[in-house]
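According to the working numbering, the sequence shown is numbered sequentially starting from 2. Structure, as structure tokens:
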Amino acid sequence: MATENWNTETAQDYGINLLVSETIRLRELQEEDLPLLAGWWNSPEFMALQGNIVLPHPRTEAAEIFRTWSQNKGTKDGVGLCITLPDDTLVGHTALYNYHTSARSADLMMMIGGSYVGQGYGTEATRMIVDFGFREMGLNRIGLGVWEYNERALRTYTKAGFREEGRARQAGFHNGKFHDKVLMSQLAEEYFG
Numbered sequence: 002m003a004t005e006n007w008n009t010e011t012a013q014d015y016g017i018n019l020l021v022s023e024t025i026r027l028r029e030l031q032e033e034d035l036p037l038l039a040g041w042w043n044s045p046e047f048m049a050l051q052g053n054i055v056l057p058h059p060r061t062e063a064a065e066i067f068r069t070w071s072q073n074k075g076t077k078d079g080v081g082l083c084i085t086l087p088d089d090t091l092v093g094h095t096a097l098y099n100y101h102t103s104a105r106s107a108d109l110m111m112m113i114g115g116s117y118v119g120q121g122y123g124t125e126a127t128r129m130i131v132d133f134g135f136r137e138m139g140l141n142r143i144g145l146g147v148w149e150y151n152e153r154a155l156r157t158y159t160k161a162g163f164r165e166e167g168r169a170r171q172a173g174f175h176n177g178k179f180h181d182k183v184l185m186s187q188l189a190e191e192y193f194g
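Dropping the structure here:
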């Protein structure tokens, strides 16, 4: 949206559509979201794809992580948003965290839970939070790390415009074997290019 044609109507339209698509919307964290999010976060299948160890944590600890990411006190502190269907059914959570002021960079976190995995919600939510990061937060770089065996996440991030920039070799250990973490990023110039 070009700013030279910016007026009340275009500003309001931009605001209305920024965190909404045909299939999902991004909204603030609500207290009633925490049990489901903490349950997904603690599930062994999620830990094997995201964590350094498959070891459940107290749900209160997981809930506190989501609260911290989702304070949304200002974009300089990062942003955390719940991912819902249009009927407000919770399907996941996303965050831009580890915000670095001078570099104008942040890291991306994405979690789709339960039976909602593999339905395209992660790709759509990634595109939306990246759009928010570049258009509203003024970020220059959004980075992430994903285990080399998480092909679904690698496809999602590639579809959303991320590029592999390197690997943290043998940075993880699961099932008696070391695994690389693929480091990916997207720059504002690539996004707007």
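Cβ coordinates follow ideal geometry from the N, Cα and C atoms, glycine included.
Taking only beta-carbon positions, decide if residue i is within less than 8 Å of chain B.
{"i": "residue 47", "result": "Of the chains in the structure shown, none is chain B; there is only one protein chain."}
Decide if residue i is buried, meaning its Cβ has at least 16 other Cβ atoms within 10 Å, or exposed.
{"i": "residue 103", "result": "exposed"}
{"i": "residue 186", "result": "buried"}
{"i": "residue 182", "result": "buried"}
{"i": "residue 193", "result": "exposed"}
Near residue i, what residues of its chain come up, given a Cβ to Cβ distance below 8 Å and the 5 sequence neighbours on each side ignored?
{"i": "residue 184", "result": "144, 145, 146, 165, 166, 167, 168 and 169"}
{"i": "residue 112", "result": "38, 41, 42, 47, 51, 93, 94 and 95"}
{"i": "residue 55", "result": "45, 48, 49 and 175"}
Residues in the same chain with beta-carbon distance under 6 Å from residue i, minus the five sequence neighbours each way, listed in chain order, please.
{"i": "residue 58", "result": "none"}
Can you find the residues in the same chain that come closer than 7 Å, C-beta to C-beta, to residue i, ignoring five residues on each side of it along the sequence?
{"i": "residue 22", "result": "125 and 129"}
Report yes if the CB atom of residue i is closer than 8 Å to the CB atom of residue j, and no otherwise.
{"i": "residue 87", "j": "residue 28", "result": "no"}
{"i": "residue 20", "j": "residue 133", "result": "yes"}
{"i": "residue 123", "j": "residue 157", "result": "yes"}
{"i": "residue 98", "j": "residue 75", "result": "no"}
Using the DSSP secondary-structure output, state which residues sit across from residue i in a beta bridge.
{"i": "residue 108", "result": "98 and 144"}
{"i": "residue 175", "result": "178"}
{"i": "residue 93", "result": "84 and 113"}
{"i": "residue 184", "result": "146 and 167"}
{"i": "residue 21", "result": "26"}
Query raised in the report: Are the segment 139–154 and the segment 104–111 in contact at 8 Å, needing three or more beta carbon pairs?
Result: Taking a contact to require three or more Cβ pairs closer than 8 Å, the segment 139–154 and the segment 104–111 qualify as touching.
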